[in-house]
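Novice: As given, the protein sequences belong to chains A and B, one line each in that order.
The first sequence runs contiguously to residue 1499 in the working numbering.
The second sequence runs contiguously to residue 1499 in the working numbering.
Note that CB positions come from ideal geometry on N, CA and C, so glycine has one too.
Computed from a predicted model, the values in this text were never measured in an experiment.
Number of protein chains: 2
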Amino acid sequence: MSAPARSDPDGARSPRRELIEAQIYEQAARLFAERGYAGTTPQDIADAAGVSRQGLYYYVRSKEEILQRLVSAMATEAATRMQAVIAEPIEAPEKLRKLAYLLVVDRASNRTRFRLLDRSESVLPPDLAQDYLNGRRALLKLVTELIDDGIEGGFFRAGDSRVAALSVLGMCNWVAWWFEPSTEHPVEPVASQIADNAVAMLQASAAVNSNSDIREAVQSVRSALNDLDAALS
Amino acid sequence: MSAPARSDPDGARSPRRELIEAQIYEQAARLFAERGYAGTTPQDIADAAGVSRQGLYYYVRSKEEILQRLVSAMATEAATRMQAVIAEPIEAPEKLRKLAYLLVVDRASNRTRFRLLDRSESVLPPDLAQDYLNGRRALLKLVTELIDDGIEGGFFRAGDSRVAALSVLGMCNWVAWWFEPSTEHPVEPVASQIADNAVAMLQASAAVNSNSDIREAVQSVRSALNDLDAALS
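(1) Check whether the Cβ of D1493 (chain A) lies closer than 8 Å to any Cβ atom in chain B.
(2) Express the C-alpha separation of L1394 (chain A) and Q1334 (chain A) in angstroms, rounding to a whole number.
(3) Count the C-beta pairs between the region 1431 to 1439 of chain B and the region 1399 to 1414 of chain B that are closer than 8 Å, then say yes if the count reaches three, no if not.
(4) Going along chain A in order, which residues have a C-beta closer than 9 Å to the C-beta of V1429 (chain B)?
(5) Look at G1321 (chain B) and A1312 (chain B) and say whether their C-beta atoms are less than 8 Å apart.
(6) Against chain E, which members of the region 1442 to 1454 of chain B pass a CB distance test of less than 9 Å?
(7) Quick one: what's got a C-beta closer than 6 Å to L1382 (chain B)'s C-beta in the same chain, skipping five residues either side?
(8) Tell me whether F1422 (chain A) sits in a helix, a strand or coil according to DSSP, three-state version.
(9) Which residues, in order along the region 1349 to 1369 of chain A, keep a beta-carbon less than 7 Å from a beta-carbon of chain B?
(10) When the distance is taken between beta carbons, is F1421 (chain A) closer than 8 Å to E1357 (chain A)?
(11) On the CB-based measure, 16 or more other CB atoms within 10 Å of its CB, does Y1323 (chain B) come out buried or exposed?
(12) Using a beta-carbon distance below 8 Å, is R1403 (chain A) in contact with chain B?
(13) Whole angstroms is fine: what's the gap from V1441 (chain B)'s alpha carbon to L1468 (chain A)'s?
(14) Count the other C-beta atoms from every protein chain shown that fall within 10 angstroms of the C-beta of L1369 (chain B), then say buried if there are 16 or more, exposed otherwise.
(15) I need the DSSP call for S1489 (chain B), collapsed to helix, strand or coil.
(16) Answer yes or no: do I1417 (chain A) and C1438 (chain A) have a C-beta to C-beta separation smaller than 8 Å?
(17) For V1487 (chain A), would you say it is in contact with chain B, using Cβ-to-Cβ distances shorter than 8 Å as the test?
(18) What does the Cβ neighbour count give for E1292 (chain B), buried or exposed, with the cut at 16 atoms within 10 Å?
(19) Measuring CB to CB, does A1457 (chain A) end up less than 8 Å from V1371 (chain A)?
(20) Do A1350 (chain B) and G1401 (chain B) have their C-beta atoms closer together than 8 Å?
(21) Quick one, are the C-beta atoms of L1412 (chain A) and I1352 (chain A) less than 8 Å apart?
(22) Smallest Cα separation from R1319 (chain A): which of A:A1424, A:N1463, A:I1290, A:T1449?
(23) Based on the DSSP secondary-structure assignment, which residues constitute the bridge partners of Q1469 (chain B)?
(24) How is E1300 (chain A) classed by DSSP in three states: helix, strand or coil?
(25) Mind checking which residues open and close the alpha helix (DSSP H) that includes E1450 (chain A)?
(26) Mind checking if G1420 (chain A) is an interface residue toward chain B, Cβ cutoff 8 Å exclusive?
(27) So for R1327 (chain A), helix, strand or coil by DSSP?
(28) Less than 8 Å between CB atoms is the rule here; does M1340 (chain B) satisfy it with respect to chain A?
(29) List in chain order: all unbroken alpha helix (DSSP H) runs of 4+ residues lying wholly within the region 1337 to 1372 of chain A.
(30) Starting from A1466 (chain B), find everything on chain A with Cβ-Cβ shorter than 9 Å and list it in chain order.
(31) Per DSSP, what kind of secondary structure is S1280 (chain A) in: helix, strand or coil?
(32) Can you name, in chain order, every residue of its own chain whose Cβ lies under 8 Å from the Cβ of I1286 (chain B), other than the five neighbours on each side?
(33) Our contact map puts M1340 (chain A) next to N1376 (chain A) with C-beta atoms below 8 Å; I'd like the distance itself, whole angstroms only.
(34) Quick one: Cα of Q1309 (chain B) to Cα of R1283 (chain B), how far?
(35) Please work out which residues of its chain come closer than 7 Å, Cβ to Cβ, to P1447 (chain A), disregarding the five sequence neighbours upstream and downstream, and give them in chain order.
So this is what it looks like as structure tokens:
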């Protein structure tokens, strides 16, 4: 997530503008997390983002607007991108892999914001807290249903799909607590491995889905067994 | 974790005393999380725990002592219990299962404290923050080494053992964010399933560890293949 999208009064969005906006939102999230929402002034945000207070108001209307957009971006953006993955014509394990990958990249890019919003009970006004909670619930529902589909299709082991979904979300979300992005440690290999872990966690052993798959599997296992037996004699 | 252990000046620890102490620590953690450490007074803690301010000082010396013991209990207790599991004469997958189970139960019983301490950067004095960080690092090291052992022993799939350990810790820690303990929803089945998930995530397919195991496996797979083949004809 870069800066949350906003209708620009000038109709123009330059890369420089987007960079400064992203900086404002990231710094505001950090300050809200450290000092609380009430304890953070617009001047604090301007100072941290390296703009004047007047400059700040060129990019955002108010401190309230920053918070509002931080929340709705986190709550809805992730869910929207996940919905797109769910709609793709691919099997459940591949969907789960893509989804976990996207989540890890998102959490790694928005560590401060994610951890801030997670404290929503104490930081957010009630209606925003509700928006955020709804977004979290929608994501959980989506992952749970995907796992249910995968179990039904014989791809995933049977089990409590809600706890399984929360396990997947947990391993992805936790990235916001430990990942330190740098040029030597890009997020992509980490996201790939966690996505593989999520799929491996749920995968039924040797899912076979058509008769020709079965014949092939039978044949390859049989020859492997013969090799193994020969090696033991 | 009940109340962090403390040398009792009277030498006696009654169940009632332990109950009240646990209540004081849990309420203090909640208040520190909501209002910040600086924003919480001893009177607030006494009120929330249902004791008088004078009563509070019968159980604890100061607000500083509460914070100190909350941190050291979270940081060291978990690591100590995990060390005991590591020392047991059982195989790596069984150790990992026990360890994940203990972690989930711990996080579920100490949700507020865990989430509070996780904000250690902004809440804790520097030396306490360092203690807590050291505890977290020790736990990560322990889980990473266990996974390395499991890979070496042929029990676990090869891969980045640190990212795997962080995936396991993530799915266990996340319980502090979503689990609501109640009599209808006890933590044990959830802990069992997450522990199974953690092991399944890492398990190499069909680990066999002795010649007789191999012969048995060969025989049972062969007869299963014959059945499968017969069913297809």
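Specialist: To lay it out plainly:
(1) By 1-based counting over the first sequence, the position of residue 1493 (chain A) is 227. Not closer than 8 Å to any Cβ of chain B, the Cβ of D1493 (chain A) fails to qualify, so no.
(2) Translated into the one-based positions of the first sequence, residue 1334 (chain A) becomes position 68. Translated into the one-based positions of the first sequence, residue 1394 (chain A) becomes position 128. Distance between the alpha carbons of Q1334 (chain A) and L1394 (chain A): 7 Å.
(3) yes
(4) In the second sequence, residue 1429 (chain B) corresponds to position 163, counting from 1. Neighbours of V1429 (chain B) on chain A, chain order: P1455, V1456, Q1459, I1460, N1463.
(5) Within the second sequence, residue 1321 (chain B) is the residue found at index 55, counting from 1. Within the second sequence, residue 1312 (chain B) is the residue found at index 46, counting from 1. Yes.
(6) The structure shown has no chain E; the protein chains it does contain are A and B.
(7) What you label residue 1382 (chain B) is simply residue 116 of the second sequence in a count that begins at 1. Excluding residues within five positions, the ones whose Cβ falls inside 6 Å are A1295, F1298, A1299.
(8) Sequence index remark: in the first sequence, residue 1422 (chain A) carries index 156 (1-based). Under the three-state reduction of DSSP output, F1422 (chain A) falls in the strand class.
(9) none
(10) Translated into positions along the first sequence, residue 1357 (chain A) becomes position 91. Translated into positions along the first sequence, residue 1421 (chain A) becomes position 155. In this structure, F1421 (chain A) lies closer than 8 Å to E1357 (chain A) by Cβ.
(11) Against the second sequence, residue 1323 (chain B) aligns to sequence position 57. By the 10 Å Cβ count, Y1323 (chain B) comes out exposed.
(12) By one-based count along the first sequence, residue 1403 (chain A) stands at place 137. Answer no: the Cβ-Cβ gap between R1403 (chain A) and chain B never drops below 8 Å.
(13) Looking up residue 1441 (chain B) in the second sequence gives position 175. Looking up residue 1468 (chain A) in the first sequence gives position 202. Between V1441 (chain B) and L1468 (chain A), the C-alpha separation is close to 18 Å.
(14) Locating residue 1369 (chain B) in the second sequence gives position 103, counting from the first residue. Per the 10 Å Cβ criterion, buried.
(15) Indexing the second sequence from 1 puts residue 1489 (chain B) at position 223. Note: S1489 (chain B) maps to helix in three-state DSSP.
(16) Position 151 of the first sequence, counted from the start, is the residue given in the question as residue 1417 (chain A). Position 172 of the first sequence, counted from the start, is the residue given in the question as residue 1438 (chain A). Contact flag unset, no.
(17) To locate residue 1487 (chain A), count along the first sequence from 1; it is residue 221. Output row for V1487 (chain A): interface = yes.
(18) Within the second sequence, the letter at position 26 stands for residue 1292 (chain B). Buried is the call here.
(19) Residue 1457 (chain A) sits at position 191 when you count from the first residue of the first sequence. Residue 1371 (chain A) sits at position 105 when you count from the first residue of the first sequence. In this structure, V1371 (chain A) lies closer than 8 Å to A1457 (chain A) by Cβ.
(20) As a working mapping, residue 1350 (chain B) is identified with position 84 in the second sequence. As a working mapping, residue 1401 (chain B) is identified with position 135 in the second sequence. Going by C-beta atoms, A1350 (chain B) is not nearer than 8 Å to G1401 (chain B).
(21) Position 146 of the first sequence, counting from 1, holds the residue named residue 1412 (chain A). Position 86 of the first sequence, counting from 1, holds the residue named residue 1352 (chain A). Closer than 8 Å, so yes.
(22) The residue given as residue 1319 (chain A) occupies position 53 in the first sequence. Of A:A1424, A:N1463, A:I1290, A:T1449, the residue nearest in Cα terms is A:I1290.
(23) Within the second sequence, the letter at position 203 stands for residue 1469 (chain B). BP columns for Q1469 (chain B) point to B:F1422.
(24) Sequence index remark: in the first sequence, residue 1300 (chain A) carries index 34 (1-based). If DSSP states are grouped into helix, strand and coil, E1300 (chain A) belongs with the helices.
(25) Looking up residue 1450 (chain A) in the first sequence gives position 184. Looking at the DSSP string, E1450 (chain A) is not in any alpha helix (DSSP H), and its letter there is neither H nor E.
(26) Position 154 of the first sequence, counted from the start, is the residue given in the question as residue 1420 (chain A). Not one chain B Cβ lies under 8 Å of G1420 (chain A).
(27) Within the first sequence, numbered from 1, the residue matching residue 1327 (chain A) stands at position 61. Correct three-state label for R1327 (chain A): coil.
(28) Position 74 of the second sequence, counted from the start, is the residue given in the question as residue 1340 (chain B). No, its Cβ sits nowhere closer than 8 Å to a Cβ of chain A.
(29) 1344 to 1353
(30) Here residue 1466 (chain B) is taken as the residue at index 200 of the second sequence, counted from 1. Those within 9 Å of A1466 (chain B) in chain A are R1423, A1466, M1467, L1468, Q1469.
(31) Along the first sequence, read from residue 1 onward, the residue named residue 1280 (chain A) stands at position 14. Here S1280 (chain A) sits in coil by DSSP.
(32) In the second sequence, counting from the first residue as 1, residue 1286 (chain B) sits at position 20. If we look at I1286 (chain B) and ignore the five residues flanking it on each side, its Cβ neighbours are A1315, V1317, Y1325.
(33) Here residue 1340 (chain A) refers to the residue found at position 74 when the first sequence is read from its first residue. Here residue 1376 (chain A) refers to the residue found at position 110 when the first sequence is read from its first residue. Their Cβ separation, rounded to whole angstroms, is 7 Å, which keeps M1340 (chain A) and N1376 (chain A) in contact under 8 Å.
(34) Numbered from its first residue, the second sequence carries residue 1309 (chain B) at position 43. Numbered from its first residue, the second sequence carries residue 1283 (chain B) at position 17. Approximately 19 Å, taken between the alpha carbons.
(35) The residue given as residue 1447 (chain A) occupies position 181 in the first sequence. Cβ within range, chain order: A1374, V1453.
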